[in-house]
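Here is the structure we will look at, set down as structure tokens.
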Amino acid sequence: MRHPPGPRRSPAHRTPLALLFVFLLYVLLPPAPAPPGGSAVPAGAPAPSPGAVTDTDSGADAGTDGGADSDARSWPLAGRPSVLRGWEPPTGPYGPGHRGVDLAAGPGARVLAAADGRVSFAGRVAGRGVVAIEVAGSGSPPLRTTYEPVRALVEEGASTRAGQPVGVLEEGPFHCSEGCLHWGLRRGDAYLDPLSLLPPSLLRRDPSRLLPVFGVPEADAVRVSRSHRAGPSRRRCPR
80 MRHPPGPRRS PAHRTPLALL FVFLLYVLLP PAPAPPGGSA VPAGAPAPSP
130 GAVTDTDSGA DAGTDGGADS DARSWPLAGR PSVLRGWEPP TGPYGPGHRG
180 VDLAAGPGAR VLAAADGRVS FAGRVAGRGV VAIEVAGSGS PPLRTTYEPV
230 RALVEEGAST RAGQPVGVLE EGPFHCSEGC LHWGLRRGDA YLDPLSLLPP
280 SLLRRDPSRL LPVFGVPEAD AVRVSRSHRA GPSRRRCPR
């Protein structure tokens, strides 16, 4: 005896079940392992300093030539140092000018690499300690940063990372009126502005925040003190 066939499921009923099955497979299956290598730092390479910043928006014009492919950048001193004297392009090979920037710092301050690169010189020039670093991926001839007067913590040929200590600021005499680091940038024989290496995020100062001056109370304290001096308000009872 044949039973009457039951109702057939239409494709509209099967579609939600298929979607549910695919969703469960996507959720339950483990993710594929990451490919080996990736963007990990090669073994033995110095790790970048926490103070270094990765930013591709650094200068790349001919006059302010910071156009390196490697985009890790750092101030050559901890924090945001004050610029005592800026870069003044010389009028000629031997003309007047300021071939770098002077950053405020005292003897013993750690001097940091401004970018990834390789130490091309570490020694003394005219009695002053100098460290020069070729910036990685900066073309030919490469950009070269210089730091003086410093006692070198690295040797020629060593690889460096942005923010890595490369020297210690030496005692004067300094060519500025107070202790300072002279930071230079060159491409071949051309002197460039070292600040062009830094991205805007490092050049911007934090918003100014007014702090209470010693001996001068804050506005809230003034309001509170006035309310205390005024005493409790006197209310007249209705008669």
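Residue numbers (the numbering used here): 80 to 318.
Using N, Cα and C, we set each Cβ at its ideal position, and we do this for glycine too.
Note that the coordinates shown come from a computational prediction; the quantities given were computed from them, not determined experimentally.
Non-local beta-carbon contacts of ALA201 in its own chain, meaning distances under 7 Å to residues more than five positions away in sequence, involve VAL210, ALA231, VAL233, GLU234, GLU235 in chain order.
Contact between the region 206-221 and the region 155-167 is absent: fewer than 3 CB-CB pairs across the two stretches fall below 8 Å.
Rounded to the nearest whole angstrom, the C-alpha separation of ARG152 and GLY179 is 17 Å.
Per DSSP, the continuous beta strand (DSSP E) segment holding LEU222 begins and ends at 222-227.
For SER153, no alpha helix (DSSP H) encloses it, and the DSSP letter there is neither H nor E. According to DSSP, GLU167 shares a beta bridge with HIS177. For SER199, there is no enclosing alpha helix (DSSP H); the residue is part of the beta strand (DSSP E) that begins and ends at 196-204. Here PRO273 carries a helix assignment [DSSP, helix/strand/coil]. In the displayed model, LEU248 falls within a strand according to three-state DSSP. The closest CA to that of LEU260, considering only LEU277, ALA183, ARG164, GLY187, is found on ALA183. About 19 Å separates the Cβ atoms of CYS255 and ARG189, ruling out a contact at the 8 Å cut-off. Residues of the same chain with a CB within less than 7 Å of the CB of PRO221, apart from the 5 flanking positions on each side, are GLU213, VAL214 in chain order.
DSSP places SER238 in the strand class (E or B) of the three-state scheme. CA-to-CA, the gap between VAL245 and SER161 works out to about 20 Å. Taking all protein chains shown into account, SER275 has 16 or more neighbouring C-beta atoms within 10 Å of its C-beta and is therefore buried. Residue pairing of GLU213 in beta bridges, as defined by DSSP: ARG197, ARG223.
The C-beta separation of LEU248 from PRO168 comes to about 25 Å, leaving the pair out of contact by the 8 Å criterion.
The beta-carbon distance between SER199 and ARG223, rounded to whole angstroms, is 6 Å. This is short enough to meet the 8 Å contact definition. The Cβ-Cβ distance between GLY208 and VAL229 falls below 7 Å. For LEU264, the enclosing beta strand (DSSP E) covers residues 259-266. Measuring C-alpha to C-alpha distances from ASP150 to each of TRP166, ARG266, THR225, ALA241 identifies ALA241 as the nearest.
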